[in-house]
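Comments concern the structure below.
Protein chains: 2
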Amino acid sequence: MKTVRIALIGYGNVGKAFAAMLLRKEDYIREAFDAKAIITGICTKSRGVCLCPDGIDTETLTDDMFNKELDDFALIDSGEYDVMIELTPINIMTGQPATDHIRRALQRGKHVITANKGPIAWYYRELRDLAKKQGVGFCHEATVMDGTPVYNLTKETLKGCRITEVSGIFNATTNFILTEMEKGVSFEDAVEEGRRQGFVEADASMDIDGWDASAKLTALMNVLMDVEITPLDIDRTGIGGITKDDIDAAKAQGKRIKLLCRGRVEDGKPVGTVKPTWVDEHTLPAIMDATSSYVTIDTDLMGATTVIEEPFEPEIDHTAYGVLSDLFRILTDYENGF
Amino acid sequence: MKTVRIALIGYGNVGKAFAAMLLRKEDYIREAFDAKAIITGICTKSRGVCLCPDGIDTETLTDDMFNKELDDFALIDSGEYDVMIELTPINIMTGQPATDHIRRALQRGKHVITANKGPIAWYYRELRDLAKKQGVGFCHEATVMDGTPVYNLTKETLKGCRITEVSGIFNATTNFILTEMEKGVSFEDAVEEGRRQGFVEADASMDIDGWDASAKLTALMNVLMDVEITPLDIDRTGIGGITKDDIDAAKAQGKRIKLLCRGRVEDGKPVGTVKPTWVDEHTLPAIMDATSSYVTIDTDLMGATTVIEEPFEPEIDHTAYGVLSDLFRILTDYENGF
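Chains A and B supply the protein sequences, listed in that same order.
All you need for the numbering used here is the position in the first sequence, starting with 1, plus 13.
All you need for the numbering used here is the position in the second sequence, starting with 1, plus 13.
Right, here's the structure in full:
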């Protein structure tokens with residue numbers, strides 16, 4: 014039986030949910046891959062680094078098992094691991110420090126999984142090519158629609174198709190706010206309610222101004238359509254300008270307002286747009302309530318395939334599964350590599 | 014470069030569309046798999062068998078290249094091929110003769126792809142176990158929702174998940190008839206219009222009575238939930254009893270009538286139902302117009318993933334892509350086997 018050693022860079026809610034899911038699926042991993050997955054290193058910004066080459070018992074992990082003198086690069090550059098999982102907080106405008114983490118791990122010839130869309134939106138091509146050169150896996154399923162298969166779906170089940178367009182609703186926060194406003198709730202109260210439910214950030218502007226959706230659209234276009242753009246290239250309009258009157262005017266015509274994303278290549282140039290759009294109430298975007306989202310992938314060979322993420326409790330497990338499914342992808346693709 | 018030799022059992026519209034798509038994707042197959050795929054045998058009921066170990070030029074194929082003295086088993090049992098693709102007409106009530114074709118090819122240690130749901134609804138476990146024992150691939154993506162990934166999606170991108178329920182709209186013909194009836198068209202005229210458009214069979218009863226949907230639900234449950242049922246085990250109600258009055262009554266309440274399928278395991282027993290159901294107009298099943306369909310796959314780890322098939326012209330290419338994607342699956346999984 015092979016042992017797969019994992020380094021977790023970042024250990025917040027997703028990291029903890031992933032560690033718990035790994036334990037829950039121990040038997041499956043043994044049966045399906047003849048492998049045991051252990052976490053040999055964890056790094057957090059506040060606590061430092063915990064190292065244990067034989068595997069950290071995450072169920073009994075305490076603060077005093079961390080070494081405050083060590084930082085992220087101590088683990089990334091010198092730790093003993095096969096797969097680095099990058100889970101640090103996102104900076105949508107720079108993709109850092111996640112990109113540096115990923116680059117350094119790939120340079121060491123380690124497989125990399127990330128749930129952080131920043132590096133995919135800003136540095137995808139460089140990182141993809143580096144992973145290829147090093148002969149390792151580089152997976153990022155959880156960066157769009159959590160554990161719902163989008164990247165792995167395209168790579169594994171739409172082989173041979175050219176992707177001609179990606180579109181959909183990618184941002185749950187704005188969708189939630191628009192849904193609440195339709196019920197008569199004010200913009201401000203909807204944001205507050207989202208905060209109370211835990212999925213609107215203290216600073217909601219990245220969502221409201223369309224940056225999060227733009228980063229996801231950029232990531233999808235970079236990966237699926239092999240272009241090289243950044244979130245700055247997206248024609249972006251947020252929902253900050255949407256008023257109760259707009260919502261009511263749409264409703265009166267049997268429409269709803271949704272923050273739609275759409276990316277394609279026109280005359281050889283990538284064109285991505287994120288903007289509030291009136292949609293007929295009997296269409297797919299219109300029925301995406303609250304935190305539901307979807308991606309439609311258009312192809313040359315067989316038209317459009319749409320995949321929907323439905324709300325799931327606990328939501329954090331959905332993201333954790335995205336990371337876990339990438340680990341299974343790497344165990345499948347590199348089965349003789351551990 | 015490896016050569017992958019294909020035997021086509023059945024050469025109707027799907028077979029021809031597949032052969033054309035294979036030519037169209039010749040470059041991709043060479044680049045992605047370092048392979049050349051050739052068709053070394055074709056068998057049809059009326060024309061007999063065409064054999065050409067160096068590859069049949071399907072663009073110039075004529076009737077006189079077939080040997081009328083040879084039958085399907087002459088090709089299956091003695092032909093030179095690596096992958097058998099079973100495309101004969103379905104018999105929903107028996108799964109034959111497709112099952113015999115598949116069994117014999119697997120017994121010879123050949124990979125098998127089928128677009129025929131009969132064998133999956135009636136003999137899946139036997140055939141799956143035989144393929145496993147022989148160390149070959151057995152793929153059937155096109156049996157549900159044509160080329161839209163369902164089986165390959167679950168196998169490749171939902172690894173480690175236990176499937177707790179499958180549901181959706183699986184039959185395009187009945188969905189088309191119900192959509193037409195909502196426009197005021199009579200049942201009989203809707204069937205006639207479907208025939209004119211080419212997707213309603215001369216004998217429409219397999220669709221209308223829910224047998225096609227039941228066979229697909231059975232196939233999904235057998236494969237994804239590891240049960241062993243036949244279409245006879247499904248609690249089945251067709252749409253033959255739906256009247257214009259029913260449609261109008263539903264509409265008056267903001268509802269639509271859809272032929273919903275649902276399968277799960279209750280108290281250790283598989284329970285599958287196919288029945289016309291009133292659904293709210295702002296839900297996913299309600300917005301599935303005409304020949305659209307969808308499958309929702311519920312899991313233990315990350316909730317539900319839904320995948321939608323949207324109408325595509327030519328529809329036959331959608332099915333052909335399902336077969337081609339299975340070929341790519343086999344080329345990936347058995348890359349050293351050719």
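Virtual Cβ for every residue (Gly too), placed ideally from N, Cα, C.
Being a predicted model, the structure only gives us computed values, none of them experimental.
query	result
Going by C-alpha distance, which of B:E322, B:V284 and B:K145 is nearest R275 of chain B?	B:V284
If you draw a straight line from the alpha carbon of D225 of chain B to that of D261 of chain A, how long is it in whole angstroms?	44 Å
Return the CA-CA distance between A263 of chain B and F189 of chain A, expressed in angstroms with no decimal places.	29 Å
Since H295 of chain A meets chain B, which of its residues come closer than 8 Å, beta carbon to beta carbon?	E294, H295, A299 and I300
In this structure, does DSSP put K38 of chain B in helix, strand or coil?	coil
Is it buried or exposed for K196 of chain B, if we count other Cβ within 10 angstroms and need 16 for buried?	exposed
Along the chain, where does the beta strand (DSSP E) containing D293 of chain B start, and where does it finish?	K282 to D293
Check for me: the alpha helix (DSSP H) holding S59 of chain B runs from which residue to which?	It is not in any alpha helix (DSSP H) - S59 of chain B carries neither H nor E in the DSSP assignment.
Is the stretch 83-103 of chain B in contact with the stretch 119-127 of chain B, if contact means three or more CB pairs nearer than 8 Å?	yes
Can you tell me whether V278 of chain A is helix, strand or coil according to DSSP?	strand
Is it right to say E169 of chain B is buried, meaning 16 or more other beta carbons lie within 10 angstroms of its own, or is it exposed?	buried
Roughly how many angstroms lie between the CA atoms of I19 of chain B and G316 of chain A, to the nearest whole one?	26 Å
Does chain A have any CB closer than 7 Å to the CB of N165 of chain B?	yes
If we ignore side chains and look at the alpha-carbon of each, how far apart do D330 of chain B and E206 of chain B end up?	22 Å
Report buried or exposed for T256 of chain B, applying the criterion of at least 16 other Cβ atoms within 10 angstroms of its Cβ.	exposed
Evaluate the contact criterion for the stretch 129-148 of chain A versus the stretch 108-116 of chain A: three or more CB pairs, one atom per stretch, below 8 Å.	yes
Quick one: list the residues of chain A neighbouring H331 of chain B, beta-carbon separation under 7 Å, in chain order.	M315 and G316
Got a sec, what are the start and stop residues for the alpha helix (DSSP H) E195 of chain B sits in?	A185 to E195
How about C152 of chain A and R269 of chain A: are their beta carbons less than 7 Å apart?	no
Keeping to the same chain, check which residues put their C-beta closer than 6 Å to that of A111 of chain B; ignore five residues upstream and five downstream.	E99, T101, N129, G131 and P132
Less than 7 Å between CB atoms is the rule here; does E169 of chain A satisfy it with respect to chain B?	yes
Cα separation between D67 of chain A and I52 of chain A?	8 Å
If V8 of chain A and T318 of chain B are in contact, beta carbons under 8 Å, what's the gap, nearest whole angstrom?	With chain A covering only 14 through 351, there is no way to say anything about residue 8 of chain A.
Is it buried or exposed, M14 of chain A, if we count other Cβ atoms within 10 angstroms and call 16 or more buried?	exposed
Quick check: I176 of chain B and Y307 of chain B, are their CB atoms within less than 7 Å of each other?	no
Please report the distance separating the alpha-carbon of M106 of chain A from that of L237 of chain A.	21 Å
Give a yes or no on whether 7 Å exceeds the smallest Cβ distance from V320 of chain B to chain A.	yes
Residue ranges of each alpha helix (DSSP H) run of no fewer than 4 residues wholly in the stretch 39-115 of chain B, ordered along the chain?	39-46 and 85-91
Do you know how far the Cα of L245 of chain B is from the Cα of L297 of chain B?	28 Å
Going along the stretch 109-140 of chain A in order, which residues come within less than 9 Å of chain B, judged by CB to CB distance?	none
Could you name each continuous beta strand (DSSP E) segment of 3 residues or more that falls completely within the stretch 130-215 of chain A, going from the start of the chain to the end?	176-182
Would you mind stating whether L35 of chain A and V62 of chain A have Cβ atoms separated by less than 7 Å?	no
Listing by chain order, which chain B residues have their CB less than 9 Å from the CB of K58 of chain A?	Those do not exist, as K58 of chain A stays about 28 Å from chain B at its closest Cβ, beyond 9 Å.
Nearest CA to the CA of T161 of chain A: which residue from B:L166, B:D159, B:A155 and B:T161?	B:L166
Any idea if T231 of chain A is buried or exposed, counting beta-carbon neighbours within 10 angstroms, 16 or more meaning buried?	buried
Excluding the 5 residues flanking R209 of chain A on each side, which residues of the same chain have their C-beta closer than 6 Å to its C-beta?	none
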